[in-house]
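Numbering (numbering that gives the first Met the number 0), first residue to last: 0 to 543.
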Amino acid sequence: MTHPKLNLARRLGLALVLLPWSLASQAANPALEPAVQRAVAPVPVGNTASTLPEGWHKGAFAEIFVRGYRDSNGDGIGDLRGLTQSLDYLKALGVRGIWLMPISPSQDRDHGYSVSDYRDIEPAYGTLADFDELLRQAHARGLGVIIDYVINHSAADNPVFLESARSPGSPLRNWYMWKSPGPAGWSIYDRNPWEATPNGSYLAQFNKNMPDFNLLEPAVVAFHKDNLRFWLNRGVDGFRFDAVPHLVEHGPDAWYDQPEDHGLMDQFRAVVDGYSHRYVVCEATGNMHKYAASDVCGSAFAIWRAGDIVGAARGEVKHIRRVADYFLGAPQQMATMISNHDSFAGDRLWDQLKGDVARQRLAAAGYLLQPGTPFIFYGEEIGMAAAAELKHDPKLRIPMSWTAEPKTAGFSTATPFRPVSANASTQNVAAEQARSDGILAWYRALLALRNSYPSLSRGSYDAPSVQGKAIAFRRHFNGETALVLINYGDKPARFKLRGIGVKPWKPVFPKTDGTSWTADAKGRHGLELPAQSVQVWIESASRP
Numbered sequence: 000m001t002h003p004k005l006n007l008a009r010r011l012g013l014a015l016v017l018l019p020w021s022l023a024s025q026a027a028n029p030a031l032e033p034a035v036q037r038a039v040a041p042v043p044v045g046n047t048a049s050t051l052p053e054g055w056h057k058g059a060f061a062e063i064f065v066r067g068y069r070d071s072n073g074d075g076i077g078d079l080r081g082l083t084q085s086l087d088y089l090k091a092l093g094v095r096g097i098w099l100m101p102i103s104p105s106q107d108r109d110h111g112y113s114v115s116d117y118r119d120i121e122p123a124y125g126t127l128a129d130f131d132e133l134l135r136q137a138h139a140r141g142l143g144v145i146i147d148y149v150i151n152h153s154a155a156d157n158p159v160f161l162e163s164a165r166s167p168g169s170p171l172r173n174w175y176m177w178k179s180p181g182p183a184g185w186s187i188y189d190r191n192p193w194e195a196t197p198n199g200s201y202l203a204q205f206n207k208n209m210p211d212f213n214l215l216e217p218a219v220v221a222f223h224k225d226n227l228r229f230w231l232n233r234g235v236d237g238f239r240f241d242a243v244p245h246l247v248e249h250g251p252d253a254w255y256d257q258p259e260d261h262g263l264m265d266q267f268r269a270v271v272d273g274y275s276h277r278y279v280v281c282e283a284t285g286n287m288h289k290y291a292a293s294d295v296c297g298s299a300f301a302i303w304r305a306g307d308i309v310g311a312a313r314g315e316v317k318h319i320r321r322v323a324d325y326f327l328g329a330p331q332q333m334a335t336m337i338s339n340h341d342s343f344a345g346d347r348l349w350d351q352l353k354g355d356v357a358r359q360r361l362a363a364a365g366y367l368l369q370p371g372t373p374f375i376f377y378g379e380e381i382g383m384a385a386a387a388e389l390k391h392d393p394k395l396r397i398p399m400s401w402t403a404e405p406k407t408a409g410f411s412t413a414t415p416f417r418p419v420s421a422n423a424s425t426q427n428v429a430a431e432q433a434r435s436d437g438i439l440a441w442y443r444a445l446l447a448l449r450n451s452y453p454s455l456s457r458g459s460y461d462a463p464s465v466q467g468k469a470i471a472f473r474r475h476f477n478g479e480t481a482l483v484l485i486n487y488g489d490k491p492a493r494f495k496l497r498g499i500g501v502k503p504w505k506p507v508f509p510k511t512d513g514t515s516w517t518a519d520a521k522g523r524h525g526l527e528l529p530a531q532s533v534q535v536w537i538e539s540a541s542r543p
């Protein structure tokens, strides 16, 4: 049941004006338990400044599963202090930002997407003070930190849901999707999403422990905005928003990517935009380009493009063409990736390419040198494989391989919460740091290149060309032009360039003895590309 004054406000078109009052009224409601009052307390705008430069998020990100990154206290679970101890490694890698998978208390106490408390830290990870210190140390190194935020649903043990479920007369009943009796004819992911209780049935698209919010209820929208301000006021540099096409449901055939989803994300992004130099990226498994629009999320993951990047690295012509042409029609603010924590997005890259290091290098170049904001799944940069004993998502969300130690991979002094990578004995940070020609050295070199040349991190994209199994494309920014060539084939190729002007070009990757070349009077030139190789040239007039 909704507060009667809020219903009146809706009829009068005053919902937005009265939202702060509504939440304040509910927070002070003596009928609500103290935990509920704390959960819904309004949060005003705090310090909106940033110590990071404008455009910092154009650099690459590392996606970090805190539970699986580094254990600082010997309990077998990764934590915030362990991550803080690893910041120098991340800075040396060359990323400019870190995306943390959910760090709030959760009902599952593992992947974290069933949030029990939106304004605290998972106890196994540490405290809010530990998080504040992580932010301070990351910012001191020029690294931004964004966190996962789950809008669509909470945990079933969240105090707000427990209050909503208490009775049909609860003041927060309308905060979730309740029906009595539960509707028939629904099927989401091969299951009936309506969960029956003695007090009615609630909608839970993903599983029974993840009840869906009613995001057509203005007070719920205000609640999420307050939660965002809670973290922004602490200095968080933005958010990765989870499952954004699932926010509004109109029926058994209209529960995905509804028009209201776009307007809601515009509102949430606007809250973040009120703070300087923040960044938002959304997970949308459909209509990704629409969600990347500036009036929706501002950026979204190009999830299904990962298959093309990996396919191109295997030398498959149809995928090579798609890699070359993607940014002719896609927004350049797309977030790119090869894999992530979800098995539906693909196995870890090492497993997809069956340990072929040359092809992993090509895959990395295929998304680190093109437009978009790249997201590197932790361990990808060292060739980390999944855990052999596990299946589905858990096999991907495993302890980071720091050393060759067989039981712990240097992740902890205790038995890790989950088995380590299948190839930890050979593919680990210590081993890769000792290899001048290893995968880690390759990622560092590509990221250093991207960070050194604005044309590669922020530039436009044009003139893609595919010849056999090789591609070429250009990037431009503020008078600087880069030419990138990738030969995905296992044989040398001669690439014929056209229309590139007559100014000299110099090599910046790989570094050579200063060799340069100039096209003929008609802007034509031919370059020899070794098998499975990458070349980057800068127009000499662009950079002294």
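Even glycine gets a Cβ: it sits at the ideal position worked out from N, Cα and C.
Everything numeric in this text was worked out from a predicted model, so none of it was measured.
Residue i vs residue j beta-carbon contact at 8 Å
i	j	result
residue 485	residue 365	yes
residue 348	residue 359	yes
residue 298	residue 333	yes
residue 398	residue 67	yes
residue 277	residue 225	no
residue 212	residue 173	no
residue 370	residue 326	yes
residue 247	residue 214	yes
residue 467	residue 488	yes
residue 106	residue 156	yes
Three-way DSSP call (helix, strand, coil) for residue i in this model
i	result
residue 97	strand
residue 106	coil
residue 160	helix
residue 449	helix
residue 78	coil
residue 349	helix
residue 444	helix
residue 424	coil
residue 459	strand
residue 307	helix
residue 383	coil
residue 469	strand
residue 480	strand
residue 241	strand
residue 454	helix
residue 232	helix
residue 279	strand
residue 288	helix
residue 319	helix
residue 334	strand
Cβ shell of residue i (< 6 Å), same chain only, five flanking positions each side left out
i	result
residue 464	471
residue 411	70, 75
residue 98	60, 62, 145, 239
residue 138	50
residue 140	86, 90
residue 163	169, 171, 172, 174, 175
Proximity to residue i [Cα-Cα], best of the options
i	options	result
residue 515	532, 238, 503	503
residue 549	135, 460, 59, 284	Look at the range of the chain in this structure, 0 to 543, and you will see that residue 549 is not part of it.
residue 436	382, 418, 488	382
residue 180	459, 238, 198	198
residue 432	400, 30, 195	400
residue 95	294, 149, 511, 54	54
residue 166	30, 251, 380, 109	30
residue 345	314, 310, 316	310
residue 331	316, 128, 272, 461	461
residue 532	450, 164, 357, 378	357
residue 227	40, 536, 475, 286	40
residue 189	204, 376, 178, 200	204
residue 286	272, 316, 245	245
residue 293	315, 262, 522	262
Same chain only: Cβ atoms within 7 Å of residue i, ignoring 5 sequence neighbours per side
i	result
residue 321	307
residue 126	120
residue 71	78, 80, 81, 84
residue 229	42, 118
residue 341	392
residue 185	191, 192, 193, 251
residue 453	476, 477, 479
residue 350	384, 385
Cutoff 8 Å; reference residue i; Cβ partners in own chain excluding five residues on either side
i	result
residue 417	67, 386, 389, 393, 396, 397, 398
residue 103	111, 114, 115, 116, 117, 118, 119, 120, 121
residue 447	93
Distance cut-off 7 Å: residue i Cβ against heavy atoms of the ligand FAD
i	result
residue 161	This structure lacks the ligand FAD, and indeed carries no ligand of any kind.
Cβ of residue i within 8 Å of any chain D Cβ
i	result
residue 257	Absent from the structure: chain D. Only one protein chain is present.
Problem - Unbroken stretches of the beta strand (DSSP E), 3 residues or longer, contained in the segment 189-213 - result: Unbroken beta strand (DSSP E) runs of no fewer than 3 residues, entirely contained in the segment 189-213, are found at 193-196, 199-202, following chain order.
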